[in-house]
Amino acid sequence: MKTGGCIGWSKEQLGVKDADPTFVAQLAGDSLVQSMKDDKVIKAIAAWSACMDGKGQAGLADPYKAMDQGVTNDGKPSQESIALAIDDIDCKKQTDLVKIWFDAESAIQDKQIADNKTQLTGIKAQRGKEITAARKETAAYAQ
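This is the structure:
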């Protein structure tokens, strides 16, 4: 039996490099964390929180808290979670939070891409090889 079972065998056949997705995910996580420290994002989140408080959705420091609060155990949305989602959308529009946060995180990601261009280009090329190999294997089994 191959290490990693069927998945390990598949990765070996396709030449998958596990470190690549980890690196890309780390960049994505870092850009999110950095964007949350941006002054404009901090102010927009505070404005969003105040807006939510004004709608009766008190104690929400950021949109992640709203998502946590809106989750139901049975998978069916409650009237409260629907109202919370509607208020969240309205407050995001009023405060322009999505655009402000997107712009801040995009600037950080643009710098990450520039700073890591060689490694990211290599990852893109590797992914292309993996996709080509996967298509070849799929075509062979489809016949």
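Under our numbering, residues 5 to 147 are what the sequence shown spells out, in order.
Where a beta carbon is used, it is the ideal one built from N, C-alpha and C, also for glycine.
Computed from a predicted model, the values in this text were never measured in an experiment.
Contact between residue 105 and residue 48 holds: their C-beta atoms lie close to 7 Å from each other, under 8 Å. Excluding the 5 residues flanking it on each side, residue 91 has same chain C-beta neighbours closer than 7 Å at 56, 59, 61, in chain order. For the 8 Å CB-CB criterion, residue 108 and residue 39 form a contact. At a Cβ-Cβ threshold of 8 Å, residue 88 and residue 70 count as neighbours. Cβ atoms of residue 113 and residue 35 come within 8 Å of each other, at about 5 Å. Taking the Cα of residue 29 as reference, the smallest distance to any Cα among 10, 116, 135 is reached at 116. Per DSSP, residue 40 lies in no alpha helix (DSSP H) segment and is marked neither H nor E.
Distance from the CA of residue 144 to the CA of residue 136, rounded to the nearest whole angstrom, comes to 12 Å.
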